[in-house]
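Protein chains in written order, with my numbering: chain P, 7 to 82; chain G, 7 to 82; chain B, 7 to 369; chain E, 7 to 369; chain A, 1185 to 1443; chain S, 1185 to 1443; chain F, 6 to 190; chain R, 6 to 190.
The C-beta atom is built at its ideal place from N, Cα and C for all residues, glycine as well.
Read the structure below first, then the notes.
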Amino acid sequence: MAHGRIFIDAERCKGCELCRTACPPHVISLAPQRNSIGYYPVMLNDPDNKCTGCALCAVVCPEACIIVYRDVAVPA
Amino acid sequence: MAHGRIFIDAERCKGCELCRTACPPHVISLAPQRNSIGYYPVMLNDPDNKCTGCALCAVVCPEACIIVYRDVAVPA
Amino acid sequence: MSKQLLKGNVALAEAAIRAGCEAYFGYPITPQTELLEHMARRMIELNRVFLQAESEVAAINMVYGAAVAGTKVMTSSSSPGISLMQEGFSYIAGSNVPVVVIDVMRGGPGLGNIQPSQSDYNQITKSAGHGDFHPIVLAPATVQEAIDLTVLAFDLAETYRTLVIVAADGAIGQMMEPAELPPMRPKREKRPFWALTGAAGRPKNVITSLYLGADNLEALNNQIQDKLALIQGHEVRYDCYRMEDADSVLVAFGTAARVAQTAVDHLRQEGFPVGLLRPITLWPFPERPLRELAQQVDTLLVVEMNAGQMFHDVKEVVGDQAEVYFTGRTGGAIPTPDEIERVVHGLYNYYLDPDYSPVGVLA
Amino acid sequence: MSKQLLKGNVALAEAAIRAGCEAYFGYPITPQTELLEHMARRMIELNRVFLQAESEVAAINMVYGAAVAGTKVMTSSSSPGISLMQEGFSYIAGSNVPVVVIDVMRGGPGLGNIQPSQSDYNQITKSAGHGDFHPIVLAPATVQEAIDLTVLAFDLAETYRTLVIVAADGAIGQMMEPAELPPMRPKREKRPFWALTGAAGRPKNVITSLYLGADNLEALNNQIQDKLALIQGHEVRYDCYRMEDADSVLVAFGTAARVAQTAVDHLRQEGFPVGLLRPITLWPFPERPLRELAQQVDTLLVVEMNAGQMFHDVKEVVGDQAEVYFTGRTGGAIPTPDEIERVVHGLYNYYLDPDYSPVGVLA
Amino acid sequence: MISEKVVYERPVALSVNRTHYCPGCTHGTAHRLVAETIDELNIRERTILVASVGCSVFAYDYFDVDACEAPHGRAPAMATGIKRVSPDNIVFTYQGDGDLASIGIGEAIHAASRGENITIIFINNAVYGMTGGQMAPTSLIGQKTTSSPLGRDPKLSGTPLHIAELMAGLPGVAYSVRRSLHDARHVIQAKKAIRLAFEAQMQHLGFSLVELLSTCPTNWGVAPGEACDWVREEMIPVYPLGDFKVAEPLRARSQRGGQ
Amino acid sequence: MISEKVVYERPVALSVNRTHYCPGCTHGTAHRLVAETIDELNIRERTILVASVGCSVFAYDYFDVDACEAPHGRAPAMATGIKRVSPDNIVFTYQGDGDLASIGIGEAIHAASRGENITIIFINNAVYGMTGGQMAPTSLIGQKTTSSPLGRDPKLSGTPLHIAELMAGLPGVAYSVRRSLHDARHVIQAKKAIRLAFEAQMQHLGFSLVELLSTCPTNWGVAPGEACDWVREEMIPVYPLGDFKVAEPLRARSQRGGQ
Amino acid sequence: MSETSVVIAGFGGQGVLFAGQLLAYAGMENGRFVTWIPSYGPEMRGGTAHCTVIISDRPIGAPTVTRPDIAIVLNQPSFDKYEPLVKPGGLLVVNSSLVTASSLRDDLELALVPADALAEQFGTRQLLNVAALGAMLAKRPLVALTAVDQALRNHLPASKAHLLAANLTVLEKGYAHCVQLPLAQ
Amino acid sequence: MSETSVVIAGFGGQGVLFAGQLLAYAGMENGRFVTWIPSYGPEMRGGTAHCTVIISDRPIGAPTVTRPDIAIVLNQPSFDKYEPLVKPGGLLVVNSSLVTASSLRDDLELALVPADALAEQFGTRQLLNVAALGAMLAKRPLVALTAVDQALRNHLPASKAHLLAANLTVLEKGYAHCVQLPLAQ
Ligand SMILES: Cc1ncc(C[n+]2csc(CCOP(=O)(O)OP(=O)(O)O)c2C)c(N)n1
Ligand SMILES: Cc1ncc(C[n+]2csc(CCOP(=O)(O)OP(=O)(O)O)c2C)c(N)n1
Ligand code: SF4
Ligand code: SF4
Ligand code: SF4
Ligand code: SF4
Ligand code: SF4
Ligand code: SF4
Ligand SMILES: [Mg+2]
Ligand SMILES: [Mg+2]
């Protein structure tokens, strides 16, 4: 199974949660604090490393505030 | 064969000759004199009584300046 | 009816309805949108005609249609939309039909912004599109006056068979103030004799603005000019405030006049003998009162929310009888009493020291 | 190049081409149609851009597009079409881009007719749609001047990044007169630095007229007002005719000025010391020369092919320095020298007999 | 005994005024057909004409009905205003192809899309007649006009707009057909279509439009008869005659294709 | 050894500015897709945006390309002006449904009919977002808006306008499709369509338009997720996704239907 | 006269606009100020057209006149319209091939020229305009006949080049007709 | 003071416009001149909203002010914007539930009210606007608390009628909070 992670620019995020809905393994959740604009941004909440780096979250994000990384095997 | 005649309001006629073209028995022709507006109007030229009263001339006349009459048999 | 706290846009709309507006056609634009929205709800409720047009061009021509059919009809818009209606205005002018338009002005030029402004002054008082014409232009300064002038607009439109524009601004449209609405007028039953209703039992009526041949069109123009002269003779409206012994007078309309009024109060407290003349009809312009006034006072300061448009009308009327100055704000800013007061202070200094050049003043 | 017998509309078009017009967008309307038709033939021949737009609204916005792309661009129309362009004018004003528009005015209001008129004066000099702005307005009186001012229009548009309107009328557009065309300018190779050409190797360029917040929009307006002041300082143009010892002066532009000139000749023959001041720039208006003149003469008679529009500008400038009268024809009629002479006779009588009221004169 | 009966005479809804149309211009024919329809349906006293800007600008002088004159292209908006406040009147516009298909396409499409219960008589003569023969959106590819002196070039000016078909695509439209005025048979078919269009309105079915291929001998630079030939030979192949939308209640009475 | 690669990041053609869009408004998504396309095609330095009047009025702040701002509805005319004088630039407009389908339908249809070689990104959110949720020509039957408080009544206001289909009928159009932005799968399909639309222009095929069903949570009065549901459940049945016109050279690369 | 105004009026197709241009070109080639202005727009539909030419020694005011010094009327409606308008002492050139009415005014000079007939006889019927122009010049030598000649050579449209000789002939025949004939009173 | 201007500012959804209307209704019911004007248009997107209420003994000039007498700021951006603008000697009411920054100005009266917290405790979180309004009135009795009470009874939208009691409680709690607490310096 591919493994990945995402970076969310919390200051750009408006907490619309479209990414949360789009994420197959449900590893995105709302943050408890507002950002400086007043929105509750989302955050990656992935204790079990379930993020696959599928980028579906980024694909739906209206604010283009998600960067998606995926692990790749580098020949040693 | 039906028989008819037409009346042409020569002062309205602009001599476009559309009626002349439309007339099956070719009984319409251009008048030799201009009307007061300066057009050569058409006239009924039907020495042999060939007009059938078919009204095709009136149907194409853009100036609505033709009245068509047709003979009808009135029971004596 | 007692006073309610009413939003200007809503008050304008409801006043039109109560004045007997039978049909409304309009297109959304800030800052007048609530006007259209109120119409959307109420006109349908009252079984009258409401239609959101596809554009301002369409809206004014729908209005033109309803007007030739002899109904009391209105549209509303804001500055860019008013620009788009200019051709329609001109046809309405050339056809002598009654139409009411409400313009809730915003900052320009171009897309500008949606803040309050008075920079449609020229485009609504000087012409209604091409040709020689002036609509009657009524400029309310309060929500109550917005109501009263809207009712008046319908009456003037009918009386003179003319285009009447109620020239409000974003502040008047958006603010709430206590105001009283008039009672609902009974529905008018009959269409006017000149209206297009079908040529039943009478010769056909034709309403056009096309007059081939200079003579014919000049005859129309003469008739229009006569009508305009009549309006100038009868319909000038203005308001004076604290004119007693004034030697300087502010001239301002609409929201600018409210601010000017505050400034007058402050200046009077400071001992400056300042008054305010507030044109209510921007066209016909209160020429005679201003001219008379100019013979009594030294200075007029025109205050506008534009770069100085009415200023030129004041200057024309005043001639060399008094000094005429201008101060104003553009781009949607509302002048503050402070700013006006500073300019007036400057003007008084000016008389003491002719080299002093007052800030923000166009001579 | 030597003189040719040229039709005004054709001369306007060919002059634009020789001045370097790179693109033309327009919509047919009498009495300017030959202008568009000449463009249709010549621009294609020269491998430049010609497009018949679907409407005047589209035309002015195509022009706006070609202008933001940094090309020399033009449209032309007549009064109703000019009304439809008002919103576009306002956006162009708010964007500081150079555009040339030719208005071959006809009788209004409404559909009016297609005879010569000057009744767009207000709608082109007082505003370009909503907001505070004035285009530069150039008014030719002969076919030769139509050519010269069209060339100038392109230069002024570029210099000030502004809208320039050449205000002709149906007579100028339709008549043929001997005139000389300028040589063809070489094609401009580079687009201006501010133009939209793709953000290659530089930060992006944005051209907009939207300025949210009153402060930002006011800053734009201040910049525009500064530009307008600069233009007023540098670009006033007018012509004087037989001013020596004049005690009465006719003020007229365009075709009306031609007629006025004939009237001046006749009146001089009769011994009346009459001159003519002919504004060439309707905006900026020749304020200073008129004001100075007013201090020297007794009477100014404004002659227009409208109901008295420039009249108000003259009156504003002249103030109480001299009497200002108006005579004019509307609806597409051109005043005759006779008519003007009769009014002048009347004015002279007026001084002899103050109860005498001159015919056809608005005080 | 033989007596005479009148089999054709000038319709009452046409006024006595002479038209200013050029000889052979089928604007006149279209007027006549509309007037005949008004007579037949007995609606002269409740019909309102919205004339437009084009050669037919004086249509209000030629019909004996209440009438007004819309700004160029805006007749459908004006008609909307009238019909909304006077639903019992029969409201029709009479528009050229410059008027309707060029400057006024927005108003036409929106009136149609709203299903305004009005009738549009649309005269497609492939040219701006009034202003002297400039290209219209309906001009044919290669057609020389005063604003396309080398012939309409589709790369520069696109291809002919098919109004009747375009309108037929809008749900608010009850009736949208194309007919031609170039000979007697087609004139008769045009008349039937005009009548159905008015009937659509009388039956409150919504928007109706009849596109009529019409001649402009003057600006085409040909004699009236040749102009009719040009319609037949050049225009009809580009603008097929036919019914593009006929609301159910009218269908029984509409002839297919109209050719 | 395991390392990381970036599989998604913010496109370069999007500027660093924050948008003013409401949370969950898919205007932002559409912007992102256009920016990605510009990056992929490597045309940022020759692209010109014509922004329009609507919630996307500041689009020129959000794209890192040369840009201007057209009067309400007139973006296609402005784009025409630009493209005609600068045929080597890639010119696109970004317009809402009020802007394009209501006030600007005339300019849009004529640009399409002329086959202007420009691209239109058309955001259909069934409402006037910017001015506070009035009815648009694309509002659904029964949809409550601030100017149709009882729901859109087809008898008063007609029926939804289908822009992608309407445009497809015009010969000048090379590409006209409808896509949706309501979930990831559809966003991916929308992206492909946007790319094809730009490619159509780069290949000089003529006019291209992508209609995107988009959300307006604010004026629909629902949460962003529900807005996406509403697109799926209410809008798509009325506005079928699909390819309505795909010029031959693009056909191989266009997926049918786009559902 | 330092300034002379000429109206030429007739049916569309009678070449009134071109005749006016010829006159203007000739005036220009004679070094004088000239203006030419046509009637335009829908009033040209359905029949009549006219143009006004002014030739002067000084800059010209309005290019239109209400009362011309000279009117050349090529058909009956034009006669009806302009006969009353010509200035007292002016000249009315009448195409007697088409106009049968006669003027009752005694303050006009009248020149009758059978323009259609002359044109048909010496060229083609279309050249009636040139015939009338020639007639006018016989009465009022506003410009030299040779200047009109020259204008014809320079400005006859390419498509009509083959008619140049005929034009010149008809011009002279019109001229000759009015120089020789006694005035109609 | 014969004329007092109050700006209420916060996120969209914090009820700033309604709080302002309540104040205006109350002023009107107290027989005073009032104006209320909102921020409007696209600047309302993406977060912040504000309105201005003026209450006066005489007709009111501009309904907007650049420097208010009182500002009620319900979130951090509003604090940042209005803290410097309040007139010297004016009042700044701060929703201390959301705003942590403190004013450095010594020419202002500062009223800190944990509006979110109070609202949540005595009603629902949405009522923070009313809590802040109560706090303001404790410091500046522009209108009687009972007038606001009355305004709430008359103008609470039907859909919120069930929240009337909670509104009244939270209003009073806000008031009480600022009457009792010592001033934050
Ligand atoms: C706003 C405006 N633009 C342009 C015109 C000029 N104009 C008059 S008629 C016309 C075109 C008419 O063509 P069409 O509609 O096809 O009618 P036709 O004359 O061919 O019957 C134009 C462009 C005008 N009157 N108003
Ligand atoms: C001429 C003109 N009319 C009206 C407006 C007001 N206005 C601004 S945006 C808009 C509608 C926007 O709706 P849409 O195009 O659907 O874009 P959205 O906001 O939904 O994305 C209107 C009517 C304007 N700016 N200019
Ligand atoms: S990349 Fe995929 S799995 Fe990871 S957070 Fe985004 S949607 Fe979820
Ligand atoms: S989709 Fe984007 S804006 Fe929305 S919550 Fe997720 S990261 Fe934030
Ligand atoms: S009625 Fe028929 S036959 Fe008689 S003239 Fe007319 S077309 Fe000819
Ligand atoms: S069709 Fe009519 S106008 Fe034409 S020639 Fe015949 S009668 Fe005359
Ligand atoms: S110009 Fe053409 S359309 Fe107009 S009247 Fe003449 S023939 Fe008919
Ligand atoms: S109002 Fe609607 S369209 Fe506009 S930004 Fe908000 S959600 Fe988007
Ligand atoms: Mg046509
Ligand atoms: Mg929208």
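Using the beta-carbon count (16 or more within 10 Å), is residue i buried or exposed?
i: Leu-353 of chain E; result: buried
i: His-1211 of chain S; result: buried
i: Val-350 of chain B; result: buried
i: Ser-10 of chain F; result: buried
i: Gly-337 of chain B; result: buried
i: Arg-208 of chain B; result: exposed
i: Gln-190 of chain R; result: For Gln-190 of chain R, the pLDDT reaches just 43, beneath the cut-off of 50, and the residue's location in the model is therefore unreliable, although a value from the coordinates is still provided. Exposed, by the Cβ-count rule.
Over the uninterrupted alpha helix (DSSP H) stretch that includes residue i, give me the two end residues.
i: Ile-178 of chain B; result: 176-180
i: Thr-333 of chain B; result: Taken as a continuous stretch (DSSP letters only), Thr-333 of chain B belongs to no alpha helix (DSSP H), being part of the beta strand (DSSP E) at 329-334.
i: His-318 of chain E; result: 316-324
i: Cys-63 of chain P; result: 62-66
i: Phe-1468 of chain A; result: Nothing can be reported for residue 1468 of chain A: it is not among the residues displayed for chain A, which extend from 1185 to 1443.
i: Asn-41 of chain G; result: Where Asn-41 of chain G is concerned, there is no enclosing alpha helix (DSSP H), given that its DSSP letter is neither H nor E.
i: Val-265 of chain E; result: 260-275
Which partner residues does residue i have in the DSSP bridge list?
i: Asn-100 of chain R; result: R:Val-118
i: Ile-60 of chain R; result: R:Thr-9 and R:Val-39
i: Tyr-30 of chain B; result: B:Phe-56 and B:Met-80
i: Cys-1252 of chain A; result: B:Ile-213 and A:Val-1234
Is the distance from the Cβ of residue i to the Cβ of residue j below 8 angstroms?
i: Ile-153 of chain E; j: Val-143 of chain E; result: no
i: Gly-277 of chain E; j: Gly-137 of chain B; result: no
i: Gly-72 of chain B; j: Val-63 of chain B; result: According to the sequence as given, residue 72 of chain B is Ala; it is not Gly. No, these two residues do not count as a Cβ contact at 8 angstroms.
i: Glu-88 of chain F; j: Leu-96 of chain F; result: no
i: Val-1269 of chain S; j: Glu-250 of chain E; result: no
By the DSSP assignment, the beta strand (DSSP E) with residue i in it spans what residues?
i: Leu-282 of chain B; result: 280-285
i: Ile-77 of chain R; result: 75-78
i: Met-33 of chain F; result: Not the beta strand (DSSP E): Met-33 of chain F falls in the alpha helix (DSSP H), residues 21-34.
i: Val-242 of chain B; result: Counting along the chain, Val-242 of chain B falls outside any beta strand (DSSP E), and DSSP gives it neither H nor E.
i: Val-255 of chain B; result: 254-257
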